[in-house]
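So in the UniProt record's numbering the end of the sequence shown lands on 391, straight run, no missing numbers.
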Amino acid sequence: MIGYDEAQAIVAGAARPLASEMVPLAAASGRFLAAAVVANVASPPADVSAMDGYATSGDDLPSFTLVGISYPGNGFAGRIGAGECVRIFTGAPVPEGAKRVIVQEIVRTDGSQIVLVSPPGSATHIRPRGSDFMAGEQLLPAGRQLDPRALVAAAGADLATAEIWSRPRIVILTTGDELVEAGTARATPGAIPESVSLGVSALAEQYGGHCVSRRRLRDEPQEIKEASERALAEADLVVMTGGASVGEKDYAKPVFQELGLELEFSKVAIKPGKPIWFGRARGKLVMGLPGNPTSAMITGRLFLAPLVRGLAGGDPAHASRWRHAPLVQDMPPCGDRETFVRGRWRGDGVEAVPNQDSSAQRALAEAEILIRRRPGAPAVAAGQLVEIIDL
Ligand SMILES: Nc1nc2c(c(=O)[nH]1)N[C@H]1C(S)=C(S)[C@@H](COP(=O)(O)OP(=O)(O)OC[C@H]3O[C@@H](n4cnc5c(N)ncnc54)[C@H](O)[C@@H]3O)O[C@H]1N2
Ligand code: MOO
């Protein structure tokens, strides 16, 4: 059985973007650039004032004669000479001949004279043309996510559209005779609300995927096969939850095998989530997550998240960045299987949530992070650092 790192590398290797499209910036939030953003304009487009005040000839004089006004987008057309100044506002072009801007807080007006009431200091308060960027400069590299800050840079570069990677289409299939639509379980003895597909779908969307549909299936090989064939036709990635283990009705893998499944891995030596599997069928990717809700969401976070991020054009490694945090409690040694302890923050440190059962749903919601425990790792005392990742 392979371990987390090897499985992670296999998934990252398959996580390549699919197709690109041109979209208006307003529709591109959160998406990943397929082509670099290159500025169409310089910013600022001219030498501009950084403050509201008076652009002066720069001469060391106690007062200046006001000869005009410069607004952003509507500058002063003339040139200023020695002893002259122009009323100017933040972002307005600095007139020809002006050497500095004096802030309005340190002047008083006396007719057409602007009189300094205190020394202006050394700052010129002028932003040179192109001091942020010049036309033709690359502002954002391909692969960069159009997060809120990147959107500002792209729009500031005078782009109307961006070339971005298409979101991978994902179909989620859940299996289990006991599963019913959430909200209807109490009406039927033995029924269990189907919870996992909602979480998996939200997780996939969070990492850049587009969930085309979620389908709840009975543990009937024929029904699962038909739904799987349809899903493979519609999606770039099919995620199957449940039926991953060795139970009598665990049909997920056998059904995909009939559809030509080539497995990349069929189990990973981790806890929870050992039954996770991953492969390809009919040219599409297929990932099988265990049915237990905590196991499904933890394997989803560890493997589906980087896969979707990479298919969406991002860097899969960004979804798998472990960092360190101090424990606020002692932790026992880890067994043979790499363990991902569900944890949460307490002050500046982390602790395990009390219920580590792989079927848990309440504790899953309480968890904020995973604490990674390598196979055979010794006990860790409070105050020592552990590896963590955000859930
Ligand atoms: N003899 C063995 N038994 C089990 C093994 C094993 O290696 N040998 N592995 C265990 C592990 S680990 C896990 S995890 C589970 C996962 O099995 P499945 O993927 O086959 O999951 P199911 O049997 O379909 O369901 C398990 C459990 O989770 C509930 N469930 C399933 N899907 C959903 C859903 N969409 N929403 C809410 N709840 C769901 C289901 O009702 C079951 O209670 O197998 C162990 N067994
Ligand atoms: O994934 Mo199972 O323990 O890992 O519930």
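Beta carbons: idealized from backbone N, C-alpha and C, even for Gly.
- Here Val171 is near Ala235, since their CB atoms are less than 7 Å apart.
- Its Cα nearest to that of Glu205, the residue Arg309 stands out among Ser228, Val180, Arg309.
- Gly273 has its Cβ nearer than 6 Å to a heavy atom of ligand 2.
- For Pro221, the uninterrupted alpha helix (DSSP H) segment begins and ends at 221-234.
- In this structure, ligand 1 has no non-hydrogen atom nearer than 6 Å to the beta-carbon of Pro221.
- Taken from the Cβ of Ser295, at least one heavy atom of ligand 2 lies inside 6 Å.
- Beta-bridge annotation (DSSP): Lys99 is not paired with any residue.
- Per DSSP, reduced to three states, the secondary structure at Thr339 is strand.
- Under a 10 Å Cβ-count criterion, Arg372 is classified as buried, with 16 or more other Cβ atoms of the shown protein chains found around its own Cβ.
- Burial check for Leu385: the Cβ neighbour count within 10 Å stays below 16, so the residue is exposed.
- Each of Ser49, Leu307, Arg108, Arg31 was checked against the Cα of Thr65, and the nearest Cα belongs to Arg108.
- Put simply, the backbone Cα of Ala367 is about 45 Å away from that of Ser43.
- For Ser20 against Ser166, the beta-carbon gap comes to about 6 Å, under 8 Å, which counts as contact.
- Taking Ala305 as the centre and dropping the five residues before and after it, the same chain places the C-beta of Tyr207, Ala319 closer than 6 Å to its C-beta, in chain order.
- Within the same chain, Tyr54, Ser63, Phe64, Leu66, Cys85, Val107 come within 7 Å of Ile114 by CB-CB distance, once the 5 residues on both sides are set aside.
- Judged by the Cβ position, Gly247 qualifies as a neighbour of ligand 1 at the 6 Å threshold, a heavy atom of the ligand being closer than this.
- Burial check for Val152: the Cβ neighbour count within 10 Å stays below 16, so the residue is exposed.
- Between Val286 and Ile276, the gap from beta carbon to beta carbon reaches 7 Å or more.
- Under the three-pair Cβ rule at 8 Å, the segment 183-194 does not count as touching the segment 143-158.
- When rounded, the separation of the alpha-carbon atoms in Pro120 and Asp59 is 11 Å.
- Judged by the Cβ position, Ala363 fails to qualify as a neighbour of ligand 1 at the 6 Å threshold, every heavy atom of the ligand being at least this far.
- At a threshold of 6 Å, Asn355 does not count as near ligand 2, since its beta carbon sits no closer than that to any of the ligand's heavy atoms.
- Only residues of its own chain outside the window of five on either side were considered, and among them Arg301, Ala367, Glu368, Ile369, Leu370 have a CB closer than 7 Å to the CB of Leu391, listed in chain order.
- Closer than 6 Å to some heavy atom of ligand 2: that does not describe the Cβ of Pro193.
- Relative to the Cα of Ala142, the nearest Cα in the group Thr175, Phe340, Glu6, Glu163 belongs to Glu163.
- Shown here for Asp110: same chain residues with a beta carbon closer than 8 Å to its own, the five before and five after excluded, namely Ser63 in chain order.
- Looking only at Gly30, Asp132, Ser122, the smallest Cα-Cα distance to Ala39 is reached by Asp132.
- Here Ile192 has Gly176, Glu178, Leu179, Val180, Ala185 as same chain residues with Cβ atoms under 8 Å from its own Cβ, once five neighbours each way along the sequence are excluded.
- When secondary structure is reduced to three states using DSSP, Glu262 falls in the strand class.
- In terms of Cβ geometry, Ala363 and Gln329 do not form a close pair [threshold 7 Å].
- For the options Glu96, Met240, Thr161, Gly136, the alpha carbon positioned closest to that of Ala34 is the one of Thr161.
- Ranking His324, Ala150, Gln222 by CA distance to the CA of Pro254 puts Gln222 first.
- Ser57 is a Cβ neighbour of Ile80, given a cutoff of 7 Å.
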